[in-house]
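Visitor:
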Amino acid sequence: NDGSGDQHNLPFSGTVDWPRLVRTIAESSYVKPLSLEVTMGNFVFEDEDGEEIQGVIEYIEDDIATVVDDEEGEWEIATDELSKA
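Each residue of the sequence shown is one higher than the last, beginning at 53 in this note's numbering.
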């Protein structure tokens, strides 16, 4: 997420311009599912009370995407444009 290797960090960490990336995908003709491969192995995350992760969730829900529960009970994140496909 910072260009130094294949880190698999959580979204919105590192140097990726996430709003620009999501907007670019949403404005494109791409309509297939997206998959993010993340791990916690390389990520130092000190958030004992869950405030930081709650902030990320709210940012996704309010500003970038809609979180939906699919028919199999798995969570998916899709922008409004992508969810129309």
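Ideal Cβ placement from N, Cα and C applies to all residues, glycine included. The structure presented is a predicted model; accordingly, all values stated were derived computationally and were not measured.
When the Cα atoms are used, what is the spatial distance from G102 to L73?
Guide: Locating residue 102 in the sequence shown gives position 50, where the first residue counts as 1. Locating residue 73 in the sequence shown gives position 21, where the first residue counts as 1. Cα to Cα, G102 sits roughly 26 Å from L73.
Visitor: Quick check on G55: does DSSP put it in helix, strand or coil?
Guide: Residue mapping note: residue 55 aligns to position 3 of the sequence shown, counting from 1. If DSSP states are grouped into helix, strand and coil, G55 belongs with coil.
Visitor: Have a look at V90 and N61 and give me their C-alpha separation to the nearest angstrom.
Guide: The residue labelled residue 90 in the question sits at position 38 within the sequence shown. The residue labelled residue 61 in the question sits at position 9 within the sequence shown. Those two C-alpha atoms are separated by around 5 Å.
Visitor: Starting from T76, follow the alpha helix (DSSP H) in both directions and report where the run begins and ends.
Guide: What you label residue 76 is simply residue 24 of the sequence shown in a count that begins at 1. Here the alpha helix (DSSP H) through T76 covers 70 to 79.
Visitor: If you draw a straight line from the alpha carbon of I77 to that of P71, how long is it in whole angstroms?
Guide: Sequence index remark: in the sequence shown, residue 77 carries index 25 (1-based). Sequence index remark: in the sequence shown, residue 71 carries index 19 (1-based). Taking the straight line from one Cα to the other gives about 10 Å.
Visitor: Report the three-state DSSP secondary structure of V108 (helix, strand or coil).
Guide: Start at 1 with the first residue of the sequence shown, and residue 108 comes out as number 56. Helix.
Visitor: In the structure shown, what three-state DSSP assignment does E103 receive?
Guide: Numbered from 1 along the sequence shown, position 51 holds the residue referred to as residue 103. E103: helix per DSSP, three-state reduction.
Visitor: Thinking C-beta only, is P63 closer than 8 Å to L88?
Guide: Here residue 88 refers to the residue found at position 36 of the sequence shown. Here residue 63 refers to the residue found at position 11 of the sequence shown. Yes, these two residues count as a Cβ contact at 8 Å.
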